[in-house]
Amino acid sequence: MYKRLLIFFCLTLAFALSADGAKKAFTVVIDAGHGGKDFGALGKMSYEKTLTLRYALAFGRILEQNCPDVNVVYTRKTDRFLELWQRAEIANKAKADLFVSVHINSLPKGHVARGYQTYTLGRSRRNGNKQGYIENLEVAKRENAVILYEDNYQQHYEGFDPNSPESNILFELIQDKNMENSIQLAKFMQKNICAATHRQDKGVQQDNLAVLRLTSMPACLMELGFISTLDEEQYMNSDLALQQYTRGFYNAFVAYKNKVAPGIKVPYKPAPAEPVDRPAPATPAAPENPAAPETPATPESAESSAPIFKVQILASSVRLKAGSQQLKGVADTDCYEEGGMYKYTVGASENYAEIYQLRKQLADRFPQAFIIAFKDGKKVNVNEAIREYKANKNKK
1 MYKRLLIFFC LTLAFALSAD GAKKAFTVVI DAGHGGKDFG ALGKMSYEKT LTLRYALAFG
61 RILEQNCPDV NVVYTRKTDR FLELWQRAEI ANKAKADLFV SVHINSLPKG HVARGYQTYT
121 LGRSRRNGNK QGYIENLEVA KRENAVILYE DNYQQHYEGF DPNSPESNIL FELIQDKNME
181 NSIQLAKFMQ KNICAATHRQ DKGVQQDNLA VLRLTSMPAC LMELGFISTL DEEQYMNSDL
241 ALQQYTRGFY NAFVAYKNKV APGIKVPYKP APAEPVDRPA PATPAAPENP AAPETPATPE
301 SAESSAPIFK VQILASSVRL KAGSQQLKGV ADTDCYEEGG MYKYTVGASE NYAEIYQLRK
361 QLADRFPQAF IIAFKDGKKV NVNEAIREYK ANKNKK
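The sequence shown begins at 1 in the working numbering and counts up by one.
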């Protein structure tokens, strides 16, 4: 069953990409998380399902009012239950250009946190400080646990193992086609929503969230704040918060669409700040590894026309210092800059089998690592590079 789902997804992805150029309207699917019998996280004064619907409708409304060439599709407009695969199916059938899922964060009793996070699809990076581990683990457990509310979840998700070879292949396909835009979107979300709301910037995270795994377009999942922290719950229930989050979301969307989408019909401009009193800004945590002054290395300067394979181990919004803890003792890394991110790689070989083995060796320290390819100094589609590698191998 899982292999059939994988094949179906790949065919859907290929069709969506081939048909993309023929579409006129830029379609955004906005998903209000939870709903109906699935209440989501519970606060002292509200439910997650209620807040997600309130914000999702507001986010869609500002696009409808200000972006005439954007088609907005909602997964739900009322308090009703939707299975995760149904949410993804709505986006896939709409041939959406973008999928945004709105959620509210929560932590177990005894843990306090504040701030805004954006999740994209990827292998989980639950390492580092204990609090960060707890927060990311709870998000994955909570959002994927919705599957258990579904009547036929054994049929729809039978055999799913996020660490299986099939899942790894799926991750690489999605990363190759959509991950760059997903990360770019998440970066814009973090910057603009935190600026509009003065929420603490909790950063862009990656995890294997089912609702993102089943979509075939750039996608992200937003965690607006922590309903388990009383002052954040009170803020998210206020009209001021609704105005600020909506403005931040709109500005992030404008920045993303102006960067990646061709054929813009109107000169989109960011929404100005509204003359309202704001809560005191939270002091953002200083980056663990501040940017170094050196210029990042170019992806590859190979003279050979054969593809060069590398293992990408992580991406960072700041340039890491030599010996950074995030590199986990790995030496001889290369760095290239793409989409506003610094991306770190290990190894460089025309032999795909060697790089494949290298990735396996790094899996314990970097479970999110994946293989990329360069040709004549430019990044290329890794699947095409593998096919060329095999063709060259057969000629020898």
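Cβ atoms here follow ideal geometry from the backbone N, Cα and C, with glycine treated the same way.
Selected residue, minimal CA-CA separation from residue i, among the options
i: L221; options: G248, H103 and G340; result: H103
i: G110; options: Q244, T229 and D376; result: T229
i: S317; options: E338, T333 and P307; result: E338
i: N105; options: N66, A219 and T52; result: T52
i: R80; options: K49, G225 and N71; result: K49
i: A255; options: G329, A186, Q368 and D207; result: A186
i: K191; options: Q206, A373, N178 and F253; result: F253
i: V70; options: R76, K77, T78 and G60; result: G60
i: K343; options: A25, L107, M179 and V73; result: M179
i: F26; options: V260, K390, K378 and N383; result: V260
i: E354; options: E384, K77, Y336 and Y389; result: Y389
i: Q361; options: I90, T215 and V330; result: V330
i: M189; options: K257, A91 and R87; result: K257
i: T78; options: I90, R54, E89 and R87; result: R54
i: D38; options: A88, L82, K328 and I193; result: L82
i: F374; options: V72, C67, Q86 and Y336; result: Y336
i: R76; options: K395, N383 and Q86; result: Q86
Buried or exposed (CB count within 10 angstroms, at least 16 for buried), residue i
i: M45; result: exposed
i: K93; result: exposed
i: Q325; result: exposed
i: R247; result: buried
i: K393; result: exposed
i: R387; result: exposed
i: S238; result: exposed
i: E233; result: buried
i: Q65; result: exposed
i: N181; result: buried
i: A196; result: buried
i: T215; result: buried
i: A385; result: buried
i: A88; result: buried
i: L17; result: Note that L17 scores a pLDDT of 48, beneath 50, so its modelled location is shaky and nothing firm can be said.
i: A91; result: buried
Residues bridged to residue i (per DSSP)
i: M341; result: E338
i: L221; result: S101 and Y119
i: D201; result: Y116
i: D207; result: L121
i: D231; result: Its beta-bridge partners do not exist; DSSP assigns none.
i: T27; result: N71
i: V346; result: V311 and T333
i: F226; result: N105
i: L397; result: Outside the displayed range of the chain (1 to 396) lies residue 397, so it cannot be described from this structure.
i: A32; result: V102
i: S316; result: Y342
i: V380; result: A373
Cβ pair residue i, residue j closer than 8 Å
i: A58; j: L242; result: yes
i: S305; j: D364; result: no
i: G36; j: Y47; result: no
i: I62; j: Y250; result: yes
i: M217; j: A322; result: no
i: G43; j: Q184; result: no
i: Y119; j: E223; result: yes
i: Q368; j: Q206; result: yes
i: L320; j: F366; result: no
i: I371; j: Y356; result: yes
i: L84; j: A219; result: no
i: D334; j: T345; result: yes
i: F226; j: L327; result: no
Residue i: CB within 7 Å of a non-hydrogen atom of the ligand FAD
i: K328; result: The ligand FAD is absent from the structure shown, which contains no ligands of any kind.
Any chain B beta carbon closer than 8 Å to residue i
i: H111; result: The chain inventory of the structure shown lacks chain B, comprising one protein chain alone.
Checklist entry - Looking at C-beta atoms only, is the number of pairs between the stretch 107-117 and the stretch 191-209 that lie closer than 8 Å three or more? => result yes
Next on the checklist: Pairs of beta-carbons, one from the stretch 86-101 and one from the stretch 25-33, closer than 8 Å: are there three or more?
Outcome noted: yes
Checklist entry - Would the stretch 343-351 and the stretch 307-316 be scored as touching if the rule is three or more Cβ pairs under 8 Å? => result yes
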